[in-house]
């Protein structure tokens with residue numbers, strides 16, 4: 028039964044409309060993908076940001092966001108014993124680290140439960156790193172900028188900004204800049220929270236954020252995003268802008284690359300050919316210390332230490348030595364460069380031409396052999412000559428539903444599935460079970476501490492006698 032009291036109703040004016048809001052009290056049952064708490068009310072399920080499982084909270088129920096009823100936390104009546112004081116003063120507003128209010132151990136247990144539901148077996152979160160590994164871990168950041176009045180900072184009030192530095196309280200709000208902000212999106216909306224420093228970024232990217240704020244933000248026009256990553260010896264910046272930019276912006280980017288603050292940069296304006304400076308490719312560190320190069324705006328894992336642990340797990344369970352291996356959704360070769368070592372043959376399939384080209388470069392640069400196809404996963408799997416011994420796949424959040432039939436047609440003895448989305452993983456595992464495959468082992472990886480995101484690796488083995496008719 029719903030655990031809410033009789034609701035009270037008030038009215039607020041938003042964008043000139045009179046919208047009813049209910050105030051209720053309820054018990055938080057679970058967390059959803061974006062870290063919001065799930066509360067059942069007489070009017071339906073409400074997602075409340077900042078509420079933790081087991082807590083009784085008072086909240087207001089407003090409109091829907093992306094089709095989901097959202098609530099705003101007003102008061103925590105019975106706090107969870109796992110609630111902690113977050114080491115960042117922006118947490119109540121910033122959407123970057125929604126679970127920083129939950130203890131690290133409780134975060135791990137929540138993610139283990141999410142992974143276990145998806146795999147139908149107890150799935151533990153691998154322990155990577157020691158104390159402090161949940162700080163300064165991100166080698167990539169996607170930031171939003173707003174250089175107009177409507178998209179400006181939601182809050183930059185407070186004491187006069189001190190010299191830029193990381194403090195005990197973590198991220199620092201930026202100084203007031205009329206109509207200008209650079210940072211992360213707010214928790215329940217599209218406005219930009221102005222961020223001067225971020226405690227989960229590695230030091231090099233935190234410094235690059237400072238360069239973006241001091242050199243670029245005053246000159247930018249309109250809205251867009253800035254992605255920061257590590258390049259060859261220094262950060263790289265990839266910028267997408269909705270509006271045309273002035274010559275000052277282009278000169279500033281050239282200057283940052285020329286002075287060595289950035290290894291390279293790309294600036295793309297809607298409808299125009301992107302401008303490039305230096306070497307804007309991403310460089311990640313592989314198992315043996317060699318760089319794995321990625322194309323600008325491409326996908327890669329943001330947590331270097333956890334990524335290396337994940338790759339090692341995939342290779343162990345794939346056991347590619349002497350095997351015919353097919354890798355789907357190979358990206359720029361994060362897994363490929365390790366699977367290629369010792370495999371009798373390796374076919375890598377990646378839909379993005381830019382990522383496929385980077386995959387070829389990473390494999391060729393190591394003197395390894397593999398066939399790389401730039402095409403859809405299902406079509407690419409069909410290009411494999413004969414059966415495969417092992418299939419490895421690392422699909423996007425939408426999963427691999429369209430490729431399951433092609434995977435089964437290869438008749439692999441083992442499948443190693445890397446998932447960034449437990450719900451689609453659960454769906455795809457169900458499809459593979461129908462074809463006679465069973466989950467043999469599973470492990471979870473906390474790639475993004477302080478968020479609800481969890482990576483899951485599953486090894487499946489074939490049992491044709493179990494195929495359902």
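Numbering (the working numbering), first residue to last: 28 to 496.
All C-beta atoms, glycine included, are put in the ideal place defined by N, C-alpha and C.
Inter-residue CB distance, residue i and residue j (contact presumed, cutoff 8 Å)
i: residue 166; j: residue 229; result: 6 Å
i: residue 240; j: residue 209; result: 6 Å
i: residue 256; j: residue 309; result: 4 Å
i: residue 415; j: residue 396; result: The pair is not a contact, with the Cβ atoms about 16 Å apart (cut-off 8 Å).
i: residue 323; j: residue 293; result: 5 Å
i: residue 124; j: residue 411; result: Not a contact, Cβ separation roughly 42 Å.
i: residue 119; j: residue 162; result: About 19 Å; that fails the 8 Å criterion.
i: residue 332; j: residue 157; result: In fact, because the Cβ distance is near 10 Å, the residues do not count as touching under 8 Å.
i: residue 147; j: residue 466; result: 7 Å
i: residue 248; j: residue 273; result: 7 Å
Limits of the unbroken alpha helix (DSSP H) element including residue i
i: residue 231; result: 230-238
i: residue 311; result: Here residue 311 belongs to no alpha helix (DSSP H); instead the beta strand (DSSP E) covers 309-312.
i: residue 342; result: 331-345
i: residue 68; result: Looking at the DSSP string, residue 68 is not in any alpha helix (DSSP H); the run it does join, the beta strand (DSSP E), is 64-68.
i: residue 386; result: 380-391
i: residue 133; result: 131-146
i: residue 457; result: 449-461
i: residue 436; result: 431-436
i: residue 482; result: Not the alpha helix (DSSP H): residue 482 falls in the beta strand (DSSP E), residues 482-489.
i: residue 420; result: Segment 417-420 is the beta strand (DSSP E) holding residue 420; no alpha helix (DSSP H) there.
i: residue 363; result: 363-366
Extent of the continuous beta strand (DSSP E) to which residue i belongs
i: residue 262; result: 262-268
i: residue 510; result: Residue 510 falls outside the range modelled here, since the chain spans only 28 to 496, and no answer is possible.
i: residue 407; result: First-last for residue 407: 404-408, but that is the alpha helix (DSSP H), not the beta strand (DSSP E).
i: residue 111; result: Unbroken run through residue 111: none, as it is neither H nor E.
i: residue 100; result: 95-105
i: residue 221; result: 219-224
i: residue 273; result: Note, residue 273: premise wrong, no beta strand (DSSP E); not H, not E.
i: residue 352; result: 351-355
i: residue 373; result: 372-376
i: residue 165; result: Neither: residue 165 is in no beta strand (DSSP E) and is coded neither H nor E.
i: residue 209; result: 208-212
i: residue 128; result: Where residue 128 is concerned, there is no enclosing beta strand (DSSP E), given that its DSSP letter is neither H nor E.
Distance CB(residue i)-CB(residue j) smaller than 7 Å
i: residue 212; j: residue 168; result: no
i: residue 316; j: residue 359; result: no
i: residue 361; j: residue 319; result: yes
i: residue 452; j: residue 481; result: no
i: residue 83; j: residue 54; result: yes
i: residue 173; j: residue 219; result: yes
i: residue 464; j: residue 421; result: no
i: residue 271; j: residue 296; result: yes
i: residue 459; j: residue 487; result: yes
i: residue 380; j: residue 401; result: yes
i: residue 440; j: residue 489; result: yes
i: residue 305; j: residue 214; result: no
i: residue 373; j: residue 352; result: yes
i: residue 334; j: residue 340; result: no
i: residue 291; j: residue 307; result: yes
i: residue 128; j: residue 113; result: yes
i: residue 150; j: residue 160; result: no
i: residue 403; j: residue 378; result: yes
i: residue 350; j: residue 382; result: no
i: residue 343; j: residue 375; result: no
i: residue 389; j: residue 164; result: no
i: residue 250; j: residue 231; result: no
Residues near residue i by beta carbon distance below 7 Å, same chain, minus five either side
i: residue 435; result: 462
i: residue 40; result: Reliability of the predicted coordinates at residue 40 is poor, the pLDDT of 29 falling under 50, and the value obtained from them is presented with this limitation in mind. Correct list: empty, nothing qualifies.
i: residue 260; result: 290
i: residue 133; result: 109
i: residue 105; result: 82 and 83
Same chain, Cβ closer than 8 Å to residue i, neighbours up to 5 away in sequence not counted
i: residue 279; result: 242, 243 and 246
i: residue 58; result: 64, 65, 79, 80, 126, 137 and 479
i: residue 424; result: 447, 448 and 451
i: residue 384; result: 322 and 401
i: residue 145; result: 446, 449, 450, 452, 453, 456 and 483
Contacts around residue i, its chain only, beta-carbon distance under 6 Å, and the 5 residues preceding and following it disregarded
i: residue 387; result: 399
i: residue 427; result: 420 and 455
i: residue 89; result: 48
i: residue 405; result: 429, 430 and 433
Residue i: CB within 6 Å of a non-hydrogen atom of the ligand ATP
i: residue 136; result: This structure lacks the ligand ATP; in fact it carries no ligand of any kind.
Neighbour flag for residue i against chain E, beta carbons, 7 Å
i: residue 264; result: The question asks about chain E, but that chain is absent: this structure has only one protein chain.
State whether the segment 441-449 contacts the segment 100-117, with contact taken as three or more CB pairs (one from each stretch) at a distance under 8 Å. no
Tell me whether the segment 470-488 and the segment 131-140 touch, counting them as touching only if at least three CB pairs, one residue from each stretch, are closer than 8 Å. yes
Quick check: the segment 93-103 against the segment 69-76, are there 3 or more CB pairs under 8 Å? yes
Per the contact definition of three or more C-beta pairs closer than 8 Å, is the segment 256-275 in contact with the segment 296-308? yes
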